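In the numbering used here, the protein residues as written are 109 to 336.
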């Protein structure tokens, strides 16, 4: 499926959904590509699609001060501000590595990301400033709403690095695709085949839906279309 990212992402938003993309990856042997089910959109109609910009977070309860040995953890939020400013158009901020006990995303981060052309945020923890994020219509996927701040509890220690998010490996440039039913990661080496076949299957499912609605039995539809 040779196309630009802009065209691909528009097609994904308009015609695809995570279930069919996940099904194709299952068929190709990539069976651990969905992020943990706790990661959900702040609003049901939110869809995120873009290239992953992975961010590594770690717990840190030591605070800030001249006695800290690491220059990174001695900075407010570690490298979080650097990561936000490094976002490129079409990228998704994907953060994991810390315990899910505080908010990893908020309203001001959403505005900073929007100004950089980012298309969403997916965090392995909570988000806060919910009304502000929703007012911006910024796609945010998290464990839910919780105001406890990350500053005295965690730091971003690396960016544009390979991270583990649940049981899923996320690399820079992998495609992030999320909707109401979850978030999946599509490795770059299979993205063309995955989205081409997912598009074919999604269109096939619409034909099957019409056939079943018209009275075709489930077994008959499977025998005819091989889709269910």
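For every residue, glycine included, the Cβ atom is placed at its ideal position computed from N, Cα and C. Since the model is a prediction, treat every value here as computed from it, not as a measurement.
Buried is the label assigned to residue 149, since at least 16 other Cβ atoms lie within 10 Å of its Cβ. Going by C-alpha positions, residue 160 is about 6 Å away from residue 284. Partner residues in the beta bridge of residue 156, as assigned by DSSP, are 286.
Within the DSSP bridge table, the entry for residue 162 names 202 as partners. For the pair of segments examined, the segment 136-153 was found to touch the segment 295-303: the number of CB pairs separated by less than 8 Å reaches three. Taking residue 181 as reference, the option from 263, 319 and 321 with the minimal CA-CA separation is 263. Using a C-beta cut-off of 8 Å, the segment 264-275 makes no contact with the segment 119-131, since fewer than three inter-stretch Cβ pairs fall below that distance. The DSSP-derived three-state label of residue 246 is coil.
Counting of Cβ neighbours within 10 angstroms places residue 168 among the buried residues, the total reaching 16 or more. Of 211, 132, 146 and 128, the smallest CA-CA separation from residue 166 is found for 211.
Collapsing the DSSP output to three states places residue 264 in a strand. The C-alpha of residue 324 is placed about 49 Å away from the C-alpha of residue 209. The segment 235-247 makes contact with the segment 210-225; the number of CB pairs closer than 8 Å reaches 3 or more. When beta bridges are read from the DSSP output, residue 278 appears opposite 271. Take residue 335, set aside five residues on each side of it, and the residues of its chain with a beta-carbon closer than 6 Å to its own are 312, 313 and 316, in chain order. Annotated three-state conformation of residue 251 is coil, per DSSP.
Judged by DSSP in its simplified three-state form, residue 229 adopts strand. With respect to residue 228, residue 197 sits apart: the two C-beta atoms are not nearer than 9 Å.
Exclusion of the five residues before and after residue 275 leaves 140 as the residues of its chain whose Cβ lies within less than 6 Å of its Cβ.
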